[in-house]
Amino acid sequence: MDFLEQLQKTFKKISVFLKAKSQNLIFLTLSWHEIKLNFKQAIQKLWMLALFFIVLSGITSTLDIAITSSTTLFIFVFFGTMVASIPADSCISGEIGGLADSLLSKSVKRWQYVLSKFLSQILIVIIIYASTFGIIIGVLEVLNLVPILFDYCQYMSVLGLVALVLTMFVSFGVLFSTIFPKPIFSIITSLFLWFLLIFMFSVGPWVSIYSPVSLIDNLGLILLDTWGVKLWKIALFNSVPIVLCIISATIIFYQKDL
Amino acid sequence: MSNIDSIIHTEALTKIFSRKKIAVNDLYLDVPKNSIYGFMGPNGAGKTTTIKMILGLIQPSAGTIQVLGEKMRKDSAKLRRQIGYLPTNPKFPEKMTPITYLDFVGKIFGIPKQIRIPRITELIRSTGLLPLSSSEIKKFSTGEITRVGIAATLINDPKLLILDEPTLGLDPIGRTSTVNLIIELGNNRGKNVFLSSHILGDIDRICTHVGIINDGKLIFTGTIAEVKKLIHTNTVELQIDGEPDSIIQKLKLIPNVINVDFDRYIIRVGIDSKENYANALPQIFGVFKNDPVELISFKSGSENLESAFLKLLEDEKSNGFLRAITKNL
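This is the structure in structure tokens:
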């Protein structure tokens, strides 16, 4: 009996999963399409990534993991956030009157369209970011340049927090692209926000801990687990806007006339 | 109240943008089943706004829309599965080929692979895209892009096709092939077609019914014959080759002919009344018998859709205010 009951439960679970999957098929198709398109564009710009590694190897001649990571994080926080939010700024407003009309006049729901944009834009940035650090850590490990007592847990926390910062900037970019009719307005607003958040550290001691720059400045202390700031607070500070951006963008886009 | 014989039915449809511009004003539209309906109007008349409201892309400020018997809303994705829409100057992902784009659209409609692939092949053939099927869309001409758009509108085998200015920007060859394709879809494949255009010649050639919109207001709706009747002038235009004098003399002798003018190879013959119009025609043609002057072409007084369109716009301009007042009284 127990076996039959378990079998029934398993079948129910599978049928629920399949139903959910078929309902979200459009969302998955859209997201996959976006990711493929973005990847194609990213591959065309691979020379930029290659150039980035050449510059990086020149700067970090000591091949110390802390210095290399600090320099790479610096580049991602100061330039990556800006570069990542620019395509996001035009991902919806650039398609209104064109592909967005074509898709939404078919069986695509507005939330599916907006969420597919968020998912694809965030994923592409995170994949590039993760690959960069994957290569760096891989090279240093192969060359036996990572200290034995190196705290990977703390290190991953910092990398995760910077990934959150990148996600937050991308999310704001997508949100602005649903608000403004032209990509140029979204880009200007994103740049303003970028300036505000990145240079927030210069405002005062209380605010400065939430600035991504503080993560780079205190990387050594974080790795030694001697930094007095709770990392979850920074994680929360960066996560809440992402959720708010997704909710607001979905609501705004639902109200929007195309 | 919904009209079950209508594919599209709107009541008091109104759209005001930013509380400033009235784009569509109190529009009552009924598109009959199995018709090719031409939605005609000058630039900025409100054609595209109406179409976007019909598709649920724009929220009306007031009024209701029913498409295929169901109320259209912004989230009516199920209803939109039965519609094929071609926007003005359609834009597609440039890196895609017609095959990959149609496959992507087919997936969005959730069409299974075993149906999707043969349908894509058929559409590529029927729209004449076979030689271009593996080329990137960015290399395509306007006419070729329109054909990709038409193929994409047909991928879900829709009951209703909504085409917004499908012949805009096309050269004569592209225009003819697009017009023929629409006629084929409407007449031989039984699709309901709703198309907007300001190219009157295309509407005249393609459509069975017509709606004329000006300044957001529907000023006429009916069959093509009905709109032409509006400008019926009891005149006949005869294009001739040769000296006109003898023919003019003979025409003046016909009992119901009241007026004969000649201007640059065209003789205009006025007939006294609508009732005598049909009786006078055989006599008019008869004057060319045993005469060296050759009749090149013949045009009745109600043939020109352009004249009908301009007359309606003029009437609307002069009577619109009066009608609005009487309606409110």
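Taken in order, these protein sequences are the chains called A and B.
Per our numbering, the first sequence runs over residues 1 to 258.
Per our numbering, the second sequence runs over residues 1001 to 1329.
Here a beta-carbon is modelled for each residue, glycine too, at the ideal position from N, C-alpha and C.
Predicted, not measured: the structure shown is a model, and the values here were computed from it.
Apart from the five residues on each side of it in sequence, which residues of its chain come closer than 6 angstroms, Cβ to Cβ, to B/Gly-1270?
-> Thr-1235, Ile-1258, Asn-1259
Would you kindly report the start and end of the unbroken alpha helix (DSSP H) that includes A/Ile-246?
-> 231–255
In the DSSP assignment, find the alpha helix (DSSP H) that holds B/Leu-1185 and state where it starts and stops.
-> Taken as a continuous stretch (DSSP letters only), B/Leu-1185 belongs to no alpha helix (DSSP H), as it is neither H nor E.
Under three-state DSSP, which class holds B/Met-1040?
-> strand
Along the stretch 1051–1065 of chain B, what residues have a CB closer than 7 angstroms to any CB found in chain A?
-> Lys-1052, Leu-1055, Leu-1057, Ile-1058, Gln-1059
Flag this pair as touching only if the stretch 165–179 of chain A and the stretch 119–129 of chain A have three or more C-beta atom pairs under 8 angstroms; answer yes or no.
-> yes
Apply the 10 Å Cβ neighbour rule to B/Asn-1328 and answer buried if 16 or more other Cβ atoms are within range, or exposed otherwise.
-> Since pLDDT at B/Asn-1328 reaches only 43, below the 50 mark, its modelled position is unreliable, and the value read off the structure follows with that caveat. Exposed: under 16 other Cβ atoms inside 10 Å.
Can at least three beta-carbon pairs, one atom from the stretch 1138–1148 of chain B and one from the stretch 1166–1182 of chain B, be found at a separation below 8 angstroms?
-> yes
When burial is assigned at 16 or more other CB atoms within 10 Å of the CB, is A/Val-142 buried or exposed?
-> exposed
Pick from B/Gly-1038, B/Ile-1016, B/Ala-1023, B/Ile-1022: whose alpha carbon is nearest that of B/Arg-1205?
-> B/Gly-1038
For B/Ser-1018, which of helix, strand or coil comes out of DSSP?
-> coil
First and last residue of the beta strand (DSSP E) that includes B/Phe-1262?
-> 1257–1263
Please name the residue or residues paired with B/Ala-1062 in a DSSP beta bridge.
-> B/Thr-1014
Name the chain A residues whose beta carbon is nearer than 7 angstroms to that of B/Tyr-1265?
-> Near B/Tyr-1265 there are no residues of chain A at all, since even the closest Cβ is about 47 angstroms away, more than 7 angstroms.
Opposing strand residues paired with B/Lys-1071 [DSSP bridges] | B/Gln-1066
Taking DSSP as the reference, what is the three-state secondary structure of B/Asp-1026?
-> strand
Is the CB of A/Ile-54 under 7 angstroms away from at least one CB in chain B?
-> no
At a Cβ threshold of 7 angstroms, is A/Ile-26 touching chain B?
-> yes
Thinking C-alpha only, which one of A/Trp-47, A/Leu-104, A/Gln-121, A/Phe-237 is nearest A/Ser-90?
-> A/Gln-121
Partner residues on chain A for B/Lys-1021, Cβ-Cβ distance less than 8 angstroms = Going along chain A, no residue has its Cβ under 8 angstroms from B/Lys-1021, so there is no contact; the nearest lies around 12 angstroms.
Chain-ordered residues of the stretch 1096–1127 of chain B with a beta carbon less than 8 angstroms from chain A | Phe-1104, Val-1105, Lys-1107, Ile-1108, Phe-1109, Gly-1110
Residue-level contact to chain B via CB, A/Gly-98, 7 angstroms cutoff | yes
Cβ neighbours of B/Val-1287 in the same chain (closer than 7 angstroms, five flanking residues each side left out) = Ile-1247, Lys-1250, Leu-1251
Look up B/Thr-1221 in the DSSP assignment and give the residues it is bridged to.
-> B/Gly-1211
Completely contained alpha helix (DSSP H) runs for the stretch 80–153 of chain A, where each covers 4 or more residues = 81–90, 99–104, 110–142
Any idea which residues DSSP pairs B/Ser-1300 with across the strands?
-> B/Val-1236
Assuming A/Leu-166 and A/Thr-81 form a contact by the criterion Cβ under 8 angstroms, report the distance between their Cβ atoms to the nearest whole angstrom.
-> 6 angstroms
Any idea if B/Thr-1064 is buried or exposed, counting beta-carbon neighbours within 10 angstroms, 16 or more meaning buried?
-> exposed
Indicate whether at least one CB of chain B lies closer than 7 angstroms to the CB of A/Leu-123.
-> no
Residues of chain B with CB under 7 angstroms from A/Lys-182, in chain order?
-> The contacting residues do not exist; A/Lys-182 stays about 16 angstroms from chain B at best.
Report yes if the C-beta distance between B/Val-1031 and B/Thr-1050 is below 7 angstroms; otherwise report no.
-> no
Would you call the CB atoms of A/Phe-180 and A/Ser-190 closer than 7 angstroms?
-> no
Looking at C-beta atoms only, is the number of pairs between the stretch 1072–1088 of chain B and the stretch 1119–1128 of chain B that lie closer than 8 angstroms three or more?
-> no
Under the three-state DSSP convention, the category B/Val-1287 falls into = coil
Mapping DSSP to helix, strand and coil, what is A/Phe-169?
-> helix
Helix, strand or coil: which one does DSSP assign to B/Asn-1192?
-> strand
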